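Under our numbering, the first residue of the sequence shown is numbered 502, with each subsequent residue one higher. Don't be surprised by glycine CBs; every beta carbon is placed ideally from N, CA and C. In this text the structure is predicted, and so the values were computed from the model without any measurement. Beneath this line is the structure, given in C-alpha cells, with notes to follow.
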Amino acid sequence: MRGQITLLEPVPVELGPGAWHMPGRALAKAGGLLDAIAEVIRDVPLRQMLTPGGRRICAPMTNCGRLGWISDRRGYRYSAEDPLTGRPWPPMPELVAQLARQLAGEAGYAGFEPDACLVNAYRPGMRMGLHQDRDEADMSQPIVSVSLGLPAVFLWGGLRRGDKARRVTLAHGDALVFGGESRMCFHGIAPVARGRHPKTGELRYNLTLRRAAA
Ligand code: MD6
Ligand code: FE
Numbered sequence: 502m503r504g505q506i507t508l509l510e511p512v513p514v515e516l517g518p519g520a521w522h523m524p525g526r527a528l529a530k531a532g533g534l535l536d537a538i539a540e541v542i543r544d545v546p547l548r549q550m551l552t553p554g555g556r557r558i559c560a561p562m563t564n565c566g567r568l569g570w571i572s573d574r575r576g577y578r579y580s581a582e583d584p585l586t587g588r589p590w591p592p593m594p595e596l597v598a599q600l601a602r603q604l605a606g607e608a609g610y611a612g613f614e615p616d617a618c619l620v621n622a623y624r625p626g627m628r629m630g631l632h633q634d635r636d637e638a639d640m641s642q643p644i645v646s647v648s649l650g651l652p653a654v655f656l657w658g659g660l661r662r663g664d665k666a667r668r669v670t671l672a673h674g675d676a677l678v679f680g681g682e683s684r685m686c687f688h689g690i691a692p693v694a695r696g697r698h699p700k701t702g703e704l705r706y707n708l709t710l711r712r713a714a715a
C-alpha cells in the first residue's frame, strides 16, 4: 500500500531555473497556517494600500515578522512599523517561519531565514497585476509563497514585462519557491474566480515570505 500512497503525492514542478511549484506541499500545515493568519489579522487588520501612483492595490494586505512590505504615495518599501499605528508588526509565527525554511531548503536554498511575511487576501474578482519583487536587499535570497483557500491562476512571466506569461493554478496548500535566475521574473495573479472554499469561504490567502534585510 505504501507504494500507492507515494504515487498520490504530487511532485514539485520546476517552472523555470530556480523556481519551483510544490503542489500540496503545505497542505498538512494548512489548519495551523489559517489559525496563524486569523491571529495576525485580529492584531493588524487587512487594509488596501495605495500605489505610488495613487491607485488602490486590489487585494487587502497585512504583515507579520520583523519587517512588513508597505506601499503608499512615497513608494514601495519595507517598514518595521505598521503605518496605521506606528507599532511593530506581530512576530512571525514559528510554524510559518519553519515551513518557509523547510520549503526553501527542499528547493535548494539552504539557510533561508525569512524576516518578512506579507499576507494577501483576495475575494473573487480581485487580481494582482504583473510585477517583480524587487524591494528586498539581497536578491540571492529566494521567496517562498503559500496559497490557501480559493484557487487562483498564477501568471508566470519572464524577465521582461512583455514576455508571455504561463498560467499555473495555485490551489489550497500549494507552495512556490522562487529564486536564482528566476528571482526577477514578472508574475501576477489573474482575477480570482467565484467560488467557496470549505476552509476559507469566499477568500484566497497568500503568504509571501521573504528575506527583506541583507
Ligand atoms: C499571490 N504572489 O500569490 C501573489 N511574489 O497572491 C506574489 O506576488 C509572489 O507568490 C513573489 C514570490 C511568490 C509569490
Ligand atoms: Fe510578487
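- Under the DSSP assignment, V620 falls in the beta strand (DSSP E) whose first and last residues are A617 to Y623.
- The closest CA to that of R712, considering only E614, G626 and H632, is found on E614.
- Residue nearest to M627 within the set Q633, V647 and V654 is V654 (criterion: CA-CA distance).
- Between S648 and L671 the beta-carbon gap is near 4 angstroms, inside 8 angstroms, which marks them as a contact.
- Taking L547 as the centre and dropping the five residues before and after it, the same chain places the C-beta of P561, T563 and A622 closer than 6 angstroms to its C-beta, in chain order.
- Every residue whose beta carbon comes nearer than 6 angstroms to a heavy atom of the ligand FE appears here in chain order: H632, D634 and H688.
- Shown here for R557: same chain residues with a beta carbon closer than 7 angstroms to its own, the five before and five after excluded, namely Q549 and L551 in chain order.
- In this structure, the straight-line span from the alpha carbon of D664 to that of G658 is close to 6 angstroms.
- For L651, the closest C-alpha among the options A691, G630, Y610 and G566 is that of A691.
- Closer than 7 angstroms to some heavy atom of the ligand MD6: that does not describe the Cβ of I558.
- By the Cβ rule, the segment 588-600 does not count as touching the segment 679-687, because fewer than three pairs are nearer than 8 angstroms.
- Restricting attention to beta strand (DSSP E) runs no shorter than 3 residues, the segment 561-619 encloses them at 562-565, 569-573 and 576-580, ordered along the chain.
- Pairing G532 with F679, the inter-Cα distance amounts to about 24 angstroms.
- By the neighbour-count criterion, in which a residue is buried when 16 or more other Cβ atoms sit within 10 angstroms of its Cβ, P699 is exposed.
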